[in-house]
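Below: the structure, in structure tokens.
This is the structure in structure tokens:
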């Protein structure tokens, strides 16, 4: 991603359980499975306008039946993160890293002012309530969109939107 993050909460916890079966040879990797749980992590970085709190994430990673990127499954069955008072929660499952298939359901309440800092040029404020479900291969999203066969649905509600371009004296 090219974003450098630093976990800054000393009370954050990461619990990992790893299980491996099989042996390593030049042709095949062993089966590996990792269960993880993250609590109270807070990330900061020069590219982030505000800290991001990962209050809770629980999931599983495994390299599947052929022990390869094509059969990898990464599933976060519980996810809750926030910036200031804005939050996002849900679950995400990604399989096949060669041609990722995504199955996700996310619910959020976001305040734009938590993501875009006011500056000398503009102010951006507004509340976004979002519920979205996505299911499909990343490689097929554009094709399905062009054919009108989207595999995503959701509800986006924007309220109390305010954009002020200070230098132009314009407000929307």
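Numbering (the working numbering), first residue to last: 4 to 175.
Each residue gets a CB set at the ideal place from its N, CA and C atoms; glycine is no exception.
Nothing here was measured: the structure is a model prediction, and the numbers come from that model.
Inset, instruction - Specify the secondary structure class of residue 17 as computed by DSSP and reduced to three states. - result: On the chain shown, position 14 is the one that residue 17 refers to. Strand, per DSSP.
Legend entry - Where residue 152 falls: helix, strand or coil (DSSP): The residue you call residue 152 lines up with position 149 of the chain shown. Coil at residue 152, not helix or strand.
Legend entry - Rounded straight-line distance, which links the Cα of residue 68 to that of residue 134: Here residue 134 corresponds to residue number 131 of the chain shown, with the count starting at 1. Here residue 68 corresponds to residue number 65 of the chain shown, with the count starting at 1. Each residue's alpha carbon lies about 33 Å from the other.
Legend entry - Helix, strand or coil at residue 71 according to DSSP, with G and I counted as helix: Walking along the chain shown from the start, residue 71 turns up at place 68. Coil at residue 71, not helix or strand.
Legend entry - Inter-residue spacing [alpha-carbon to alpha-carbon] between residue 128 and residue 166: Within the chain shown, numbered from 1, the residue matching residue 128 stands at position 125. Within the chain shown, numbered from 1, the residue matching residue 166 stands at position 163. Those two C-alpha atoms are separated by around 6 Å.
Inset, instruction - Pull up the DSSP beta-bridge partners for residue 90, would you. - result: Stepping through the chain shown from its first residue, residue 90 is reached at position 87. DSSP lists 85 and 112 as partners of residue 90.
Inset, instruction - Using three-state DSSP, classify residue 147 as helix, strand or coil. - result: Taking the chain shown and counting its residues from 1, one reaches residue 147 at position 144. Helix.
Inset, instruction - Please check the pair residue 104 and residue 140, which I expect to be a contact at CB under 8 Å, by giving their CB distance rounded to whole angstroms. - result: Locating residue 104 in the chain shown gives position 101, where the first residue counts as 1. Locating residue 140 in the chain shown gives position 137, where the first residue counts as 1. Right, the Cβ-Cβ distance comes to about 5 Å (below 8 Å), so this counts as a contact.
Legend entry - contact_flag[the region 73 to 80, the region 108 to 118] where n(CB pairs < 8 Å) is 3 or more: no
Legend entry - Under the three-state DSSP convention, the category residue 175 falls into: Along the chain shown, read from residue 1 onward, the residue named residue 175 stands at position 172. In this structure, residue 175 counts as coil in the three-state DSSP scheme.
Inset, instruction - Could you give the DSSP three-state label for residue 57: helix, strand or coil? - result: In the chain shown, counting from the first residue as 1, residue 57 sits at position 54. Three-state DSSP puts residue 57 in a strand.
Legend entry - CB of residue 9 within 7 Å of CB of residue 47, strictly: For the purposes of this step, residue 9 is taken as the residue at position 6 of the chain shown. For the purposes of this step, residue 47 is taken as the residue at position 44 of the chain shown. Yes, Cβ-Cβ distance for residue 9 and residue 47 is below 7 Å.
Legend entry - Of the residues 32, 83, 173 and 131, the one placed nearest residue 45, counting alpha carbons only: For the purposes of this step, residue 45 is taken as residue 42 along the chain shown, with counting starting at 1. Among 32, 83, 173 and 131, the Cα nearest to that of residue 45 is on 83.
Inset, instruction - Could you pull out every residue in the same chain whose Cβ sits closer than 6 Å to the Cβ of residue 35, ignoring the five residues on either side in sequence? - result: Reading the chain shown from its first residue, position 32 is the one you call residue 35. Once the five neighbours on either side are set aside, the close Cβ partners of residue 35 are 23 and 66.
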